[in-house]
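For reference, the structure discussed in these notes is given below.
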Amino acid sequence: MKKQYKILGMTCSGCQKMVQQQLNALRGVHAVVHLEKGLVDIESDKDYTLDDFQQQLDPLSHYHIASLDSDQQIKEAPIGDSPSHTYVCPMFCEGHEKTYAEKGRCPVCNMFLVPVESIDKHAHHAGARHTAQQHDTSQAGKFYCPMHCEGEKVYDDVGSCPVCGMNLEKIPDMTMQVEYRCPMHSDVVQDHPGSCPICGMDLVANHMAEAKDPVYTAMQRKFWISIAFTIPVFILAMGDMLPGAPISKLIPANIHGWIQFVLTLPIVGYTCWMFFERAWLSFKTWRLNMFSLIGLGAGAAFVYSFIALLFPAVVTHDHSHTQHLPLYFESVCVILTLVLLGQLMEAKAHAKTSSAIKELIRLAPAEAILIEGNDQRKIPVAEIQVGNLLQVRPGDKIPIDGEVITGSSSVDESMITGEPMHVEKTVGDKVIGGTMNGNHSFQMRASHVGNTTVLSQIIQLVNEASRSQAPIQKLTDKVSRIFVPIVILIAIGTFLTWSMVGDEPDFAFAFNNMLAVLIVACPCALGLATPMSVMVAVGKGAKNGILLKNAETFERLQRVDTLVLDKTGTITEGKPKVSAVESFNPQHFKPDDILQIAASVNKVSAHPLAQAMVNSAREKALTLLDVTSFESLIGKGVSGKIFHMNVLLGTRKLMDENQVDIADLAQKGLAAFQEQANSLSLLAIDGKLAGVIAIEDAIKSSSVDAVAQIKERGINIHMFTGDNERTGNRIAKQAGIAAVTANMLPADKLNAIKALQDQGHVVVMAGDGINDAPALMQADIGIAMGTGSDIAIHSAEVTLIKGDLKGITKAIMLSRKMISNVKQNLTFAFLYNVIGIPIAAGLLYVPFDLLMSPMLAAAAMSLSSVSVILNSLRLNAARLV
1 MKKQYKILGM TCSGCQKMVQ QQLNALRGVH AVVHLEKGLV DIESDKDYTL DDFQQQLDPL
61 SHYHIASLDS DQQIKEAPIG DSPSHTYVCP MFCEGHEKTY AEKGRCPVCN MFLVPVESID
121 KHAHHAGARH TAQQHDTSQA GKFYCPMHCE GEKVYDDVGS CPVCGMNLEK IPDMTMQVEY
181 RCPMHSDVVQ DHPGSCPICG MDLVANHMAE AKDPVYTAMQ RKFWISIAFT IPVFILAMGD
241 MLPGAPISKL IPANIHGWIQ FVLTLPIVGY TCWMFFERAW LSFKTWRLNM FSLIGLGAGA
301 AFVYSFIALL FPAVVTHDHS HTQHLPLYFE SVCVILTLVL LGQLMEAKAH AKTSSAIKEL
361 IRLAPAEAIL IEGNDQRKIP VAEIQVGNLL QVRPGDKIPI DGEVITGSSS VDESMITGEP
421 MHVEKTVGDK VIGGTMNGNH SFQMRASHVG NTTVLSQIIQ LVNEASRSQA PIQKLTDKVS
481 RIFVPIVILI AIGTFLTWSM VGDEPDFAFA FNNMLAVLIV ACPCALGLAT PMSVMVAVGK
541 GAKNGILLKN AETFERLQRV DTLVLDKTGT ITEGKPKVSA VESFNPQHFK PDDILQIAAS
601 VNKVSAHPLA QAMVNSAREK ALTLLDVTSF ESLIGKGVSG KIFHMNVLLG TRKLMDENQV
661 DIADLAQKGL AAFQEQANSL SLLAIDGKLA GVIAIEDAIK SSSVDAVAQI KERGINIHMF
721 TGDNERTGNR IAKQAGIAAV TANMLPADKL NAIKALQDQG HVVVMAGDGI NDAPALMQAD
781 IGIAMGTGSD IAIHSAEVTL IKGDLKGITK AIMLSRKMIS NVKQNLTFAF LYNVIGIPIA
841 AGLLYVPFDL LMSPMLAAAA MSLSSVSVIL NSLRLNAARL V
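The C-terminal position of the sequence shown is numbered 881 in my numbering, with every residue numbered one higher than the one before it.
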């Protein structure tokens, strides 16, 4: 039985995890909570009621579950004992200080408002989003299971997963480690800038050498020890196959087998003992995996051989010569050493897949030049504070995110955009830490530091996504749990069958085949198939300016058939400029007066159109007037009071709602502006239309090509805009989009996407503004322009750093190639087993005299893992155009 419900009261990923864990504690329940949509999918083998689920959530004292068709709001959820009359949006859409007196929904993102106390109760202060990032960053240096056996649980020490036995992976450090060395005396090293105590030269900042992976180092040492003991055991066992049987002539028969036994002990008891520990754990917890088969097969071979040494009569009638006993010490050594080699290669491959994070970290410069009055001094980047003035010299990396204060230069932003063209930066332009300055120097003011910089957020997103689990992995895990017991039954059946074939029971031959089945069927390649592809694809995306929040996004993105685009900042540049100002009451207001009043009422608004008016007024040296009773009317405009005047500025719809009359002559003027693809803001003073400000926003040069590429992939494109119909149609025509809907409020966009989904479409929405947040959350996949607002980026599953529509085609291609790669990996894994198991069981022995030895089975098993790893790494070379 599978149902979906609303979950009310969640504010962050911590809430999501608590609710999911609490519901999964119910017997027979599997719950998956979706934070962004406020929904939970519950699958259970028992008929639970809503009251049962609510009772399960009651101990958390904050969350409420309701049916999808219920009109319940957050006010019905029990929130502690103390009453509250102040509410806040959990997404902080209108700032951290914005509160509401009544319960309801946020006017921006449509999420339920929650009591301020509920935010405090879970330690969600004004920076809830950044708190989560800091928590994740604090996990650097800890370890996690790549199979996610216990969800997002992390471990303090290196080792193996207590559930599946896989080697734990280290969470990379999200910050750059810097050391200062003397260029003349390499032994002079310290963690802060200064001068060399020997020669007096300034110490030079360098990235600290990366510490060696302890897992890989230890495994590499054990591998070479295993090789050292495996080679002589192999020679002893197989040497008599050479002409003249040289081993029998050199070593007496009575000690031949015992030498093999002694040389095998270091491998079984030390270098590969971990495999037997993991096998024991898998049987103890009954979570069978690859180590179950390895431990069972190699362990059985070792014990069988040891018993044959002690009691030869048990295994053969001809025990006059010990060295002719059916011993499998060489198989044990070779099998375990090959498995260890496979583990070593996996550890190396995991290190390569995290190279994207390491490369991003190395992009950040080590130090910056701080301006203090007339003085300048070098400081570590980590010591930069918001508001610091910094000097950027020609050829230097820009140390931190900020704004150009004086000077100008061209900046290479290819590390963010992927484009080789330099971008001209002048006073007032934003610059990004880690990008490379060109030929001129400039001064900048730091605006973002620490975990809030663009580069830090990219690193964090890449890290989280590479550690996330794709839904297809869950299917693989289920298959593995069924597959291992079946293999064990096949192996037992193989032994029983061959032991009964022939005139006399041939236990040695039967045991040989049983061992080969257990080894060749090892599902290590099956376990690697998905995680390896996910990690490589996430790194590939990051290098192309595509950030995905989790692995699940890959699977949903490749099924998309409908794309919804916002206009401003998505199709257009998002840098609107005032193109014209007209007064409809020239006796009282000149065009400059209209612009001055409009800019004044807009000076506290962050909307791009508002900023365009403010910038235009400043360019004309117009003084911005004081505004009282300011109110932002989401999706419509703004209002306020300037001196004795009641000012209303915004859309035609806002004028109609306030009974502002628009004369015929004014309507003709507005139509002329709209024909030129201008966005219009109407200004009313004391209830009468006073003027209009026309604003133009050029279409991005890449939008036309990007739209054509998306169409070629069979995806339908819609443009949703809050702008007027004429402007919307003009922009859409330029971009090559046929389906346009104009004059849309945030709620209209959300409802339109719901309608498309109800028709069976898989919808991806791309936008960049606060007003796009509800639609981004409603869409199956939300794509945010990296040049847009924080709330849009937070609401989306995919962020395009450059803010270029071509990134959408790249993201879709990457998702399709990643899913294809996973399917290829699974095909490799299953193909090896489908071919290998029958051959190992001896199915081809009678008709073709073909038989697979345990050592050959171990080699084939390792080869399957290698093929999966190499195939996953092919994604690095994939073309995304």
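Heads up, the beta-carbon is just placed ideally off N, CA and C, and yes, glycines get one too. Given the structure is predicted, the values throughout are model-derived calculations rather than measurements.
Checklist entry - Going by C-alpha distance, which of Lys700, Leu518, Ile405, Met645 is nearest Ser600? => result For Ser600, the nearest C-alpha among the options comes from Met645.
Checklist entry - If you draw a straight line from the C-alpha of Asn544 to the C-alpha of Ala516, how long is it? => result Answer to the nearest angstrom: the Cα atoms are 45 Å apart.
Item to check | Beta-carbon proximity of Ser864 to Tyr832, cut-off 8 Å | outcome: Taking C-beta atoms as the reference points, Ser864 and Tyr832 count as a pair closer than 8 Å.
Item to check | Nearest-angstrom Cα separation, counted from Asp202 out to Ile398 | outcome: Going by C-alpha positions, Ile398 is about 21 Å away from Asp202.
Next on the checklist: By alpha-carbon positions, which one of Asp705, Ile731, His64 ends up nearest to Val33?
Outcome noted: It is His64.
Checklist entry - Using the beta-carbon count (16 or more within 10 Å), is Val19 buried or exposed? => result Classification of Val19: buried, given that the 10 Å Cβ count is 16 or more.
Next on the checklist: Please report the distance separating the alpha-carbon of Gly807 from that of Leu563.
Outcome noted: A straight line joining the alpha-carbon of Gly807 with that of Leu563 spans about 13 Å.
Checklist entry - Where does Thr264 land, buried or exposed, given buried means 16+ other C-beta within 10 angstroms? => result By the neighbour-count rule (16 or more Cβ atoms within 10 Å), Thr264 is buried.
Checklist entry - Which ranges does the beta strand (DSSP E) cover as unbroken runs of at least 3 residues, wholly within the region 639 to 717, from first to last along the chain? => result Those beta strand (DSSP E) runs which fall completely within the region 639 to 717 and span 3+ residues are 645 to 650, 679 to 685, 688 to 696.
Checklist entry - If we cut at 8 Å on Cβ distances, does Met785 have a partner in chain B? => result This model lacks chain B altogether; it includes just one protein chain.
Checklist entry - Which one or two residues does DSSP pair with Val268 in a beta bridge? => result DSSP, once it has assigned bridges, lists no residue as partnering Val268.
Checklist entry - Using CA coordinates, which residue listed in Lys142, Ile835, Glu179 is at the minimum distance from Leu168? => result Taking each of Lys142, Ile835, Glu179 in turn and checking the Cα distance to Leu168, the smallest one comes out for Lys142.
Checklist entry - Considering only residues of the region 564 to 615, which uninterrupted beta strand (DSSP E) runs meet the minimum length of 3 residues and lie entirely inside it, listed in chain order? => result Runs found: 577 to 583.
Checklist entry - By DSSP, does Val215 sit in helix, in strand, or in coil? => result DSSP, read as helix, strand or coil, puts Val215 in helix.
Checklist entry - Do the region 744 to 761 and the region 582 to 590 make contact, defined as three or more Cβ pairs closer than 8 Å? => result Under the 8 Å Cβ criterion, the region 744 to 761 does not count as touching the region 582 to 590, having fewer than three qualifying pairs.
Item to check | Nearest neighbour of Met813, chosen from Ala706, Gly722, Ala529, Ala775 [CA to CA] | outcome: Checking every option, the nearest Cα to that of Met813 belongs to Ala706.
Item to check | Cβ neighbour criterion (16 or more within 10 Å) applied to Asp157 | outcome: Asp157 is classed as exposed because its beta carbon has fewer than 16 other beta carbons within 10 Å across all chains shown.
Next on the checklist: Is the separation between the beta-carbon of Val520 and that of Ala860 shorter than 8 Å?
Outcome noted: Against a cut-off of 8 Å, the Cβ pair of Ala860 and Val520 comes out as a contact.
Item to check | Separation of Val536 from Arg879, as counted between CA atoms | outcome: Taking the straight line joining both Cα atoms gives about 14 Å.
Next on the checklist: Applying the 10 Å Cβ sphere with the 16-neighbour rule, what's the burial state of Glu383?
Outcome noted: Burial call: exposed.
Checklist entry - In the structure shown, what three-state DSSP assignment does Leu263 receive? => result Of the three classes helix, strand and coil, the one that applies to Leu263 here is helix, per DSSP.
Item to check | Ser186 - DSSP class collapsed to helix/strand/coil | outcome: Correct three-state label for Ser186: coil.
Checklist entry - Given a threshold of 16 other Cβ atoms within 10 Å of its Cβ, counted over all protein chains shown, does Asp566 qualify as buried or as exposed? => result Answer is buried; the Cβ neighbour count reaches 16.
Checklist entry - What are the boundary residues of the beta strand (DSSP E) that includes Arg377? => result Here the beta strand (DSSP E) through Arg377 covers 375 to 380.
Item to check | Leu296 versus Ala279 - alpha carbon distance | outcome: The alpha-carbon of Leu296 is positioned some 7 Å away from that of Ala279.
Item to check | Contact under 8 Å by Cβ, Asp401 with Gly433 | outcome: Yes, the pair counts as a contact, with Cβ atoms nearer than the cut-off.
Checklist entry - Just the Cα atoms here: how many angstroms apart are Leu805 and Val332? => result Answer to the nearest angstrom: the Cα atoms are 56 Å apart.
Checklist entry - Out of curiosity, what's the CA-to-CA distance linking Ser409 and Thr435? => result Ser409 and Thr435: Cα-Cα distance of roughly 12 Å.
Item to check | Best match in Leu236, Ile488, Leu776 for proximity to Pro252 [C-alpha to C-alpha] | outcome: Out of Leu236, Ile488, Leu776, Leu236 has the C-alpha closest to the C-alpha of Pro252.
Item to check | For Ala66, three-class secondary structure by DSSP | outcome: Under the three-state reduction of DSSP output, Ala66 falls in the strand class.
Checklist entry - Would DSSP call Asp401 helix, strand or coil? => result DSSP, reduced to helix, strand and coil, places Asp401 within a strand of the structure shown.
Item to check | Three-state secondary structure assigned by DSSP to Ile766 | outcome: Sequence check: residue 766 is Ala here, not Ile. Of the three classes helix, strand and coil, the one that applies to Ala766 here is strand, per DSSP.
Checklist entry - If you pair each beta-carbon of the region 567 to 576 with each one of the region 684 to 700, do three or more pairs fall below 8 Å? => result Below 8 Å, enough C-beta pairs join the region 567 to 576 and the region 684 to 700 to call them touching: three or more.
Checklist entry - What does a CB cutoff of less than 6 Å around Ser195 pick up in its chain, not counting 5 residues either side in sequence? => result Excluding the 5 residues flanking it on each side, Ser195 has same chain C-beta neighbours closer than 6 Å at Asp202, in chain order.
Next on the checklist: Along the chain, where does the beta strand (DSSP E) containing Lys6 start, and where does it finish?
Outcome noted: Residues 2 to 8.
Checklist entry - Does the distance from the C-beta atom of Gln343 to that of Met219 stay below 8 Å? => result At the C-beta level, Gln343 and Met219 come within 8 Å of one another.
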